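K.L.:
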Amino acid sequence: MARDCIFSFALSCVLFSAVSCASVRQTEFTISAIDTDERDVTCVIFSDEQILVNNSSNEPIRTPANIKVIFKPKSDGSGFESVKLGLKAVEVGPDKKIIKGLREGEGSRFLEDVRWVQPTDAKNQTFILLKDKNYN
Amino acid sequence: MTRIPGHNRAARLFTAAAIGLIALTCGGCAMIRYVDVDSNPTGAVIYVNGERRGTTRDEKVRIQFTTPEQRALIQVLKPRFKPVFQYWMFDEVPEKKIFKLELD
């Protein structure tokens, strides 16, 4: 009887863990950006059109950066929804504050790049940015 | 037929433990594929899953998967050309792939 109870409890724990895991999934990515000459490019990161912000400093997160992405399960239970991640190049001043590229419509030396990530994608996500030829 | 009390339960537990052990062992197995990555023009840099892996026409590129569902991102870039990329799952990795690069 006692052994039955232990077995049932263990099974319940396993099932509970499986159900919990199926709710959402969090994956950490290292996001970086380079140009076609393999030089680092400083960018802000946006997800679903929202620029990601550091919770403590309230400043936009800049590349290279580690971010945690939460994936919601698909409604049909066949896995997880992809999440759109994008990068927008910014210019940083001597005081390391962003001086250009954050405002709406403000030009940038590089074109924005976006990709849809999945929870099982590689941890390192390197974006390769093209120069914006129309930028003056 | 004589039934031994507790025998079935013990057998079930043993089977479950064995399956769990196999799953754990296979979960840790690396799935490796090798692909000959070339480009036109040659001399482009290859990135696999965000890591630099040499240039095209070098030795074959090793791609490691942890699960069959995982996809690998292959990026190829060369100065003054538009970078190209492709996602491959374990079963989709070709023997050889030539990436055609367009001038930027």
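Respectively, the protein sequence lines represent chains Y and A. Per the working numbering, residue 1308 is the first one in the first sequence, and the count goes up by one each step. Per the working numbering, residue 1214 is the first one in the second sequence, and the count goes up by one each step. Here a beta-carbon is modelled for each residue, glycine too, at the ideal position from N, C-alpha and C. Please read these numbers as outputs of a predicted model, since none were measured by experiment.
Using the C-alpha atoms, what's the distance from A/D1251 back to A/T1269?
P.N.:
If I take the Cα positions, the gap works out to 5 Å.
K.L.:
Between the alpha carbons of A/P1296 and Y/E1345, how many angstroms are there, rounded?
P.N.:
One C-alpha to the other measures close to 11 Å.
K.L.:
Could you name the residues of chain A that Y/E1345 contacts, counting a contact when the two beta carbons are closer than 7 Å?
P.N.:
In chain order: V1258.
K.L.:
Looking only at DSSP bridge pairs, what is Y/G1393 linked to?
P.N.:
Answer is Y/F1353 and Y/V1421, bridged to Y/G1393.
K.L.:
Pick helix, strand or coil for Y/S1330, following the three-state DSSP scheme.
P.N.:
Looking at Y/S1330 - three-state DSSP - the assignment turns out to be helix.
K.L.:
For A/I1276, count the other beta carbons within 10 Å of its own beta carbon; 16 or more makes it buried, fewer makes it exposed. Which is it?
P.N.:
Answer is buried; the Cβ neighbour count reaches 16.
K.L.:
Counting only beta-carbon atoms, is A/E1305 nearer than 7 Å to chain Y?
P.N.:
No, A/E1305 lies away from the interface with chain Y (no Cβ there is under 7 Å from its Cβ).
K.L.:
Given this structure, state the Cα-to-Cα distance separating A/I1311 from A/V1248, to the nearest angstrom.
P.N.:
For A/I1311 and A/V1248, the distance between alpha carbons rounds to 10 Å.
K.L.:
Let me see if you follow: with CB-CB separation under 7 Å, is Y/A1325 close to chain A or not?
P.N.:
Residue confidence for Y/A1325 is low, a pLDDT of 48 falling below 50, so the modelled location carries little weight and cannot support an answer.
K.L.:
Hey, does A/L1314 have any beta-carbon neighbour from chain Y nearer than 7 Å?
P.N.:
Not an interface residue.
K.L.:
Could you give the first and the last residue of the continuous beta strand (DSSP E) run that contains A/S1252?
P.N.:
Note, A/S1252: beta strand (DSSP E), M1244 to N1253.
K.L.:
Classify A/E1305 as helix, strand or coil using the three-state DSSP reduction.
P.N.:
In the structure shown, A/E1305 sits in a helix (DSSP, three-state: H, G or I).
K.L.:
Below 6 Å CB to CB, which residues in the same chain sit around A/A1243 once its five sequence neighbours on both sides are set aside?
P.N.:
The answer, listed in chain order, is Q1277.
K.L.:
When you compare each of Y/N1361, Y/L1392, Y/P1401 and Y/G1400 to Y/P1426 by their alpha carbons, which one comes out closest?
P.N.:
The shortest Cα separation from Y/P1426 among Y/N1361, Y/L1392, Y/P1401 and Y/G1400 belongs to Y/L1392.
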